[in-house]
Ligand code: AMP
């Protein structure tokens, strides 16, 4: 695996492959876990060359969020990617991505104002700006994002569509631990008691699916049951419980195209999880 830190070094490695090979890209903020590695595996299955980036992007954190304490585990991450037979690891510094005088932003409107965008108003602007920049640096044919960050996946798809970026965006299903907690680099912040409470997110989602499978279609009824479960966790504080359609707008009546999305503070750690309500699929 080649490790590079500048766009020029990356270009020099990739230039002979542009137009000839399928170049897959997996952007991450590091502190890698099985969720990130499932994106890498999907990318490797479908592409000739796999590029992974590790960059903790300051512009997607609001003041007071966890940018400073976000886990940075570069050597562990690099060895996981090496084992996973990644071809190139791109690890730029903040000054490479945002040199002095950087003054451009990419912003998707509409779907960024709801859900996580409501609680974290500058977040998606930071995400789309850095992802657009990384897309221009890597020039991949394909890019892989987790359904764990379902709204982010939608926002990236919209950005590539709106800006005619010729990149296939692939969503990869949520990887969970043995107790079905959605994997996240932020799970490392959880105390033992908070971890137990965090398991209620998936429990609540599973209950929503069960109620729907039994015939309930009213969002308010499903939300009430979900709220009850989440409220039983001492360390949990609900940010939102949403039942949304394809456009991420809330629906009063649910169907197979509805997704349930949760954002919950577990102590100081903000956790998100989501699943399709579609019949028959329990943990997706
Ligand atoms: P992050 O490092 O948190 O920015 O995540 C990098 C990518 O990994 C994003 O596309 C995430 O959606 C994806 N990801 C994070 N956690 C998971 C998970 N548990 N399952 C699948 N993908 C994930």
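Numbering (this note's numbering), first residue to last: 176 to 459. Cβ coordinates follow ideal geometry from the N, Cα and C atoms, glycine included.
Query, Result
"Rounded straight-line distance, which links the Cα of residue 280 to that of residue 357", "30 angstroms"
"Distance cut-off 7 angstroms: residue 269 Cβ against heavy atoms of ligand 1", "no"
"Test item: CB-CB of residue 265 and residue 313 under 8 angstroms", "yes"
"Near ligand 1: residue 202 beta-carbon under 7 angstroms from a heavy atom", "yes"
"Element boundaries [alpha helix (DSSP H), containing residue 410]", "First-last for residue 410: undefined, no H or E at that position."
"For residue 399, three-class secondary structure by DSSP", "helix"
"Proximity winner among 398, 410, 409, relative to residue 433 (alpha-carbon distances)", "398"
"Coarse secondary structure for residue 216, derived from DSSP in three states", "helix"
"Residue 319 classed as buried or exposed, judged by whether at least 16 other C-beta atoms fall within 10 angstroms", "buried"
"Distance cut-off 7 angstroms: residue 221 Cβ against heavy atoms of ligand 2", "The ligand content of the structure shown is limited to ligand 1, which means ligand 2 is not among them."
"Backbone CA spacing between residue 331 and residue 304 [nearest angstrom]", "10 angstroms"
"Residue 334 burial status per 10 Å Cβ neighbour count (16 or more: buried)", "buried"
"Residues near residue 372 by beta carbon distance below 8 angstroms, same chain, minus five either side", "408, 409, 410, 411, 441"
"Candidates 190, 227, 278, of which the one nearest residue 257 by Cα", "227"
"Assigned exposure category for residue 533 - 16 Cβ within 10 Å defines buried", "Because the chain here runs from 176 to 459, residue 533 falls outside it and cannot be looked at."
"Where residue 177 falls: helix, strand or coil (DSSP)", "strand"
"Rounded separation between residue 396 and residue 384 - CA only", "12 angstroms"
"Residue 349 versus 367, 448, 444, residue with shortest Cα-Cα distance", "448"
"Those residues which DSSP pairs with residue 202 across a bridge", "228"
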